[in-house]
Ligand code: GLV
Ligand code: MN
Ligand code: MN
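Rendered as structure tokens:
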């Protein structure tokens, strides 16, 4: 029997593994990430799965089908969080998938295919700036150079993996082959207001918007806040303020486009010192790649223009880019039939947020089921879902699994 109450309790339990007192922050390869991973491994094993950490920190469980070693239906989501996060983004998908496997195992049911559930290690990319490290590893699209990416303390992914007791140089062994994975399906909270407005507990994703991540650095000159006249300053923070507003203007130029400066750091960072150097991030999303790429070019031009006019030096690094990822029509159809089987109206909607499926699509067709969240709020501690909706989501996923027909 599926237990929506247990799904909610487990979301609560994972939220306790946090570096933020009174809130939830759990970045990749942290002490808290290990504790969450251990707890999830225990749940997977209790659900009848073989489970282990893979070489790059993903939590991976496998429930064999009627024939051992058969290709799998892959399910999952992520176990890392943003800073001051909600407790469902990512975790709900992993926990719901385990709950489905537990229900199959309780009935002694084996399917013509295996089920693998993966708790991906680094979807958000908060610690190292580059996202979907775990799912890129599984899809074989990880470049060895990514292991040199450093966090704010200067530790590389390779070093962090070593500290965690893993050998990152074995990353290629984590990659799955195309024939191994029949399809990938992910349950996730919607993170937007559409399902709530429509009075629906779940919806089926049509496509995931593409994203571009960049980092801009402006270098001016630090100086005394009391002595340098305004016309002689090369203030990197005042310049960055202009850039942030220019980026907002670019993002507002098309209703389908969104753009965000989510992090900014001014150095040296003292009340009486003119900021000499500023670094900030840029994140653009859109349902068309060309629209997003045009926005990126416009933002780069805007930053260069501001820097030139204010006699600053600007460098802009492209951190990561993933294109629009359509969900596969044959999987959408099967997921929609599973929704209809719950007596629910079928609703298709795009995803504005990024998801691990964007990486996994390199080896398998993907599908996503969204669960309604309160007020469309996410990446925020106020993120909330109801137990009833968690139940509808898990039952829909279980129906989809039980009736899953691989593409012939
Ligand atoms: C992940 O939540 C993202 O969309 O950045
Ligand atoms: Mn997220
Ligand atoms: Mn997520």
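Residue numbers (the numbering used here): 1422 to 1829. Quick reminder that beta carbons are idealized off the backbone N, C-alpha and C, glycines included. Keep in mind it's a predicted model, so treat the numbers as computed, not measured.
Per-residue burial, residue i [other beta carbons within 10 Å of its own, 16 or more giving buried]
i: residue 1618; result: exposed
i: residue 1692; result: exposed
i: residue 1564; result: exposed
i: residue 1508; result: buried
i: residue 1652; result: exposed
i: residue 1739; result: exposed
i: residue 1429; result: buried
i: residue 1574; result: exposed
i: residue 1453; result: buried
i: residue 1598; result: exposed
i: residue 1799; result: buried
i: residue 1666; result: exposed
i: residue 1647; result: exposed
i: residue 1757; result: buried
i: residue 1438; result: buried
i: residue 1669; result: exposed
i: residue 1808; result: exposed
i: residue 1736; result: exposed
i: residue 1528; result: exposed
i: residue 1569; result: exposed
i: residue 1713; result: buried
Sequence-distant residues of the same chain with beta carbon closer than 8 Å to residue i, five excluded per side
i: residue 1604; result: 1494, 1495, 1749, 1752, 1785, 1786, 1787, 1788, 1825, 1827 and 1828
i: residue 1643; result: 1688, 1689, 1694, 1695, 1696, 1697 and 1698
Contact test: residue i Cβ vs ligand 3 heavy atom, cutoff 7 Å
i: residue 1609; result: yes
i: residue 1601; result: no
i: residue 1544; result: yes
i: residue 1878; result: With the chain covering 1422 to 1829 only, the question about residue 1878 has no answer from this structure.
Assumed close pair residue i, residue j - CB separation to whole angstroms, cut-off 8 Å
i: residue 1607; j: residue 1778; result: 6 Å
i: residue 1685; j: residue 1701; result: 4 Å
i: residue 1707; j: residue 1678; result: 5 Å
i: residue 1450; j: residue 1585; result: 5 Å
i: residue 1479; j: residue 1542; result: 5 Å
i: residue 1637; j: residue 1703; result: 6 Å
i: residue 1852; j: residue 1540; result: Outside the shown range of the chain, which is 1422 to 1829, sits residue 1852, and nothing can be said about it.
i: residue 1609; j: residue 1514; result: 5 Å
i: residue 1589; j: residue 1579; result: 4 Å
i: residue 1492; j: residue 1600; result: 6 Å
i: residue 1671; j: residue 1719; result: 5 Å
i: residue 1534; j: residue 1558; result: 22 Å between Cβ atoms; not a contact.
i: residue 1797; j: residue 1614; result: 3 Å
i: residue 1812; j: residue 1434; result: With 8 Å as the limit, residue 1812 and residue 1434 do not qualify as a contact, their Cβ atoms being about 18 Å apart.
i: residue 1819; j: residue 1524; result: 6 Å
Proximity test, residue i beta-carbon vs ligand 1 heavy atom, cut-off 7 Å
i: residue 1804; result: no
i: residue 1498; result: no
i: residue 1774; result: yes
i: residue 1552; result: yes
Sequence-distant residues of the same chain with beta carbon closer than 7 Å to residue i, five excluded per side
i: residue 1621; result: 1765, 1766, 1768 and 1793
i: residue 1522; result: 1468, 1469, 1470, 1484, 1536 and 1538
i: residue 1503; result: 1545, 1547 and 1800
i: residue 1733; result: 1639, 1640, 1641, 1655, 1657 and 1660
i: residue 1446; result: 1439, 1440, 1502, 1504, 1505 and 1506
i: residue 1817; result: 1623, 1759, 1760, 1763 and 1790
Own chain, CB closer than 6 Å to residue i, minus 5 neighbours either side, in chain order
i: residue 1775; result: 1632
i: residue 1664; result: 1724 and 1727
i: residue 1822; result: 1521
i: residue 1532; result: 1486
i: residue 1422; result: none
i: residue 1731; result: 1660
i: residue 1459; result: none
i: residue 1550; result: 1740
Cβ-heavy atom distance, residue i to ligand 2, below 7 Å
i: residue 1448; result: no
i: residue 1547; result: no
i: residue 1503; result: yes
Which ranges would you report for the beta strand (DSSP E) in the stretch 1754–1809 if only whole runs of at least 3 residues count?
Counting only runs of at least 3 residues, the stretch 1754–1809 fully encloses the following beta strand (DSSP E) elements, listed from N- to C-terminal order: 1769–1772 and 1787–1792.
Runs of alpha helix (DSSP H) wholly within the stretch 1481–1506 (minimum 4 residues, chain order)
Listed in chain order, there is nothing to give.
Any alpha helix (DSSP H) of 4 or more consecutive residues that is wholly inside the stretch 1536–1605:
1554–1559 and 1578–1584
Whole alpha helix (DSSP H) runs in the stretch 1618–1687 with 4 or more residues, listed along the chain?
Counting whole runs of 4 or more residues, the stretch 1618–1687 contains the alpha helix (DSSP H) stretches 1657–1672.
Would you list, in sequence order, the uninterrupted alpha helix (DSSP H) runs of no fewer than 4 residues that lie entirely inside the stretch 1685–1762?
Entirely contained in the stretch 1685–1762, the alpha helix (DSSP H) runs reaching 4 residues are, in chain order, 1710–1730 and 1750–1762.
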